[in-house]
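Just below is one structure, and these are the notes that go with it.
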Ligand code: ZN
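In this note's numbering, the protein residues as written are 1 to 317.
Next up, the structure:
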């Protein structure tokens, strides 16, 4: 680098900062080679093109403006390494469980949480599935966005498996009302056990799952039946008497007279009059502040554990 180059470089350095001088020096080497062949004019033109503005990458600007930042980063990284060596750091799993998984779990349980503290009832339908009426009940439940629980007979489930599958697919709860609607306490223990087992098998073969509950016909059971059922027995606390009145207005009036928070409402999905009553009954219950749950949701919302072999009539907290 000759004297002229040095002076030129220093001037450039003064004007543009330390970074530019390296570029100039590189440019100077190239320039000298070229200047031998093409003269000093080339030096000027080449040098001018080599002088580039100061690089302004993010890291460079941070280093200039916040020189202490790299020391802080080194301190933080060093601290994390030290903590990790002593097993004191929060593991990734803990972090995820605290910050990501836990909120997701809350999200999954959102429906259950929103049911807590609400006035709730469980609509239950017995004695189906029946092709003339059960699909209409399902249509109404879908339109009103209402979950229900169906206590079905095994022999009808076997005859109309498509309806059973629809009930399960539409997120209603599938339960057993025995195989043939016999009064279980009048059967021999062997016959009662065989009936319960057969109904369970039939439903499981259709839905892929064991029925959630057993509702003994006529509400009749004893200790043997309760044990043989091997699932919670779900009775009812509000009988709409749809099976006797067969009158939509009377069905709604009876239900509204007897209903309370945590009640299990008994209907039958085999009578056209029950189908006719259902939309009005749902609307009237809603107007009275009630929301709807399956039996399992109702029990959970009221913090009542469902135990196999135990009978439940309602779910009051
Ligand atoms: Zn029945």
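Even glycine gets a Cβ: it sits at the ideal position worked out from N, Cα and C. Given the structure is predicted, the values throughout are model-derived calculations rather than measurements.
Is residue i helix, strand or coil when you go by DSSP?
i	result
residue 227	helix
residue 313	coil
residue 163	helix
residue 306	coil
residue 207	helix
residue 199	helix
residue 287	helix
residue 240	coil
residue 149	strand
residue 182	coil
residue 298	helix
residue 233	strand
residue 293	coil
residue 191	helix
residue 168	helix
residue 175	strand
residue 17	Confidence is the limiting factor: at residue 17 the pLDDT is only 47, short of 50, which leaves the residue's position unreliable, though a coordinate-based value still follows. Here residue 17 sits in coil by DSSP.
Using a threshold of 8 angstroms, state whether the C-beta atoms of residue i and residue j are closer than that.
i	j	result
residue 173	residue 149	yes
residue 318	residue 193	The structure shown does not extend to residue 318, since the chain spans only 1 to 317, so no value can be given for it.
residue 234	residue 257	no
residue 202	residue 166	no
residue 273	residue 247	yes
residue 221	residue 185	yes
residue 291	residue 144	no
residue 171	residue 126	no
residue 294	residue 122	yes
residue 309	residue 227	yes
residue 116	residue 299	no
residue 187	residue 229	no
residue 131	residue 160	yes
residue 275	residue 137	yes
residue 142	residue 267	no
Any beta carbon of chain D sitting closer than 8 angstroms to that of residue i?
i	result
residue 145	In the displayed structure, chain D is absent; only one protein chain is listed.
With respect to 7 angstroms, is the separation between the Cβ of residue i and the closest non-hydrogen atom of ligand 1 below this value?
i	result
residue 172	no
residue 217	yes
residue 145	no
residue 126	yes
Counting along the chain, where does the beta strand (DSSP E) carrying residue i start and finish?
i	result
residue 119	119 to 126
residue 266	263 to 268
State yes or no: is the C-beta of residue i nearer than 7 angstroms to some heavy atom of ligand 3?
i	result
residue 242	Among the ligands present in this structure, namely ligand 1, ligand 3 is not found.
Where do the N-terminal and C-terminal ends of the alpha helix (DSSP H) with residue i fall, by residue?
i	result
residue 255	248 to 258
residue 135	134 to 144
residue 115	110 to 115
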